[in-house]
Structure formats: C-alpha cells, structure tokens
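Residue numbers (our numbering): 16 to 112.
All C-beta atoms, glycine included, are put in the ideal place defined by N, C-alpha and C.
Bear in mind the structure is a predicted one, so any value in this text is a computation, not a measurement.
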Amino acid sequence: MKQVNALTVAAAVAGALSLAAVTAATPAMAKSVKCYGIAKAGQNDCGNKAGTHSCSGQSKVDYDGGDWKGVASAAACAEMGGQTKPFKGMNPKKKSS
C-alpha cells in the first residue's frame, strides 16, 4: 500500500510542476511578436493566416509566409529573416532543408 501512495504523490507533484510550467510560459507568449516565415514544418506556434490549420505544430511546409513563431521583438524577427506581417508563399530569405 505504501508504494501506491508514493506513486500517487509522485504523480501529483509531476502534474503540479507541469501546470506551473505552462502557466509561467503564457505571459511570455503574450508579449511576443508574431514572426512569419521562420517556422520549419511542424514548429509553428499557432494557427496560420490561411486557416488551413488552427494549432501549433501543424504546419506542413518550411518557412511558409502564413505560419509564425513568437519572438521577442520586431528587430529579432528581422534578424531571423522573417516578417511581422503574413505573406504568400515561402520565405525567399530561407532555404528549406
């Protein structure tokens, strides 16, 4: 019986830590800038401009101008070769691997 209680406590602690990590990440994303054309396939942060998907990690094409990742500032976006507004096609500044 003691082993079951230990597993229950361990699961509860792991769940609490996971929830704390998610809660801590939310304010950082709220202050970020959407940077279009820098996300590789499956690495976008949220739905795309065209509406072909509505969730993070669902992009199918590297550096699509409609998919975005959150970055710290517009300057950081420009340094990465992205744009702060969505555009059609693939980012000409990036090469798909």
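query	result
Does the beta-carbon distance from Gly96 to Lys108 come in below 8 Å?	yes
Would Gly81 pass as a contact of Gln58 if the rule is Cβ separation under 8 Å?	no
For a test of the three-state rule: what should DSSP assign to Gly96, helix, strand or coil?	coil
Roughly how many whole angstroms lie between the Cα atoms of Lys49 and Cys70?	14 Å
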